[in-house]
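>
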Amino acid sequence: MITTRPIILSVISFLFLCGCSDSAPQTDSTDGEKLYGLYCETCHKSDGSGKFLKGIPANRYTSLQKDQVIMLIRQGDPSRPDMPTFTNLTEEQASAIADYLFSLKIY
Ligand code: HEC
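Quick note on numbering: the sequence shown equals residues -24 to -1, 1 to 83 in mature numbering (1 follows the signal peptide of the UniProt record, and there is no 0).
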């Protein structure tokens, strides 16, 4: 059985880190690479390979379509409850992140 404890711990420490730095970083940038670095890289790593030991999947291999990734980022996906939502990001920003994410895919 795979324990979910490391995931919970990493989510808690992530939230804690955000709390310390005042608030989640805010930016108007629509540069996917930059946004990915700000919001996604801490968990999924800069190359999108994830952190297996912490239960974070390699998001570059996601089977989700672009629209679904945008939904996942901004509103969450009930079938992926361990992924945090980023309600502060605009549709345009989430779309830029999704484009960047797909560019990381290695075929
Ligand atoms: C706090 C850590 C964390 C951060 C930050 C994070 N994710 Fe995730 N992500 C997860 C976890 C954990 C899952 C697995 C969710 C589940 O299965 O419940 C996941 C799942 C995903 C998936 C689905 C992968 C699949 O199974 O197909 C995608 C796509 C994804 N994340 C993209 C992103 C993007 C884009 C960002 C930045 C906006 C981001 N994530 C930020 C932890 C994180």
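Each residue gets a CB set at the ideal place from its N, CA and C atoms; glycine is no exception.
#1: Who are the Cβ neighbours of A34 in its own chain at under 7 Å, not counting the five residues just before and after it?
#2: Taking the alpha helix (DSSP H) that T18 falls in, what are its first and last residues?
#3: Can you name the start and end residues of the alpha helix (DSSP H) that F78 belongs to?
#4: Report the rounded CA-to-CA distance for G13 versus S55, giving the unit in angstroms.
#5: Within 6 Å: the Cβ of L14 and any heavy atom of ligand 1?
#6: Specify the secondary structure class of S(-4) as computed by DSSP and reduced to three states.
#7: Any heavy atom of ligand 1 closer than 6 Å to the CB of F78?
#8: Going by C-alpha to C-alpha distance, which of P57, I49, I82, Y83 sits closest to L11?
#9: Where does I82 sit, in a helix, a strand or coil, going by DSSP?
Let me lay it out:
#1: G24, S25, G26
#2: 17 to 20
#3: Here the alpha helix (DSSP H) through F78 covers 67 to 79.
#4: 25 Å
#5: no
#6: Confidence in S(-4) is poor, its pLDDT being 42 and thus under 50, which makes the residue's placement unreliable; the coordinate value appears in the next sentence. Reduced to three states, the DSSP call for S(-4) is coil.
#7: no
#8: I49
#9: coil
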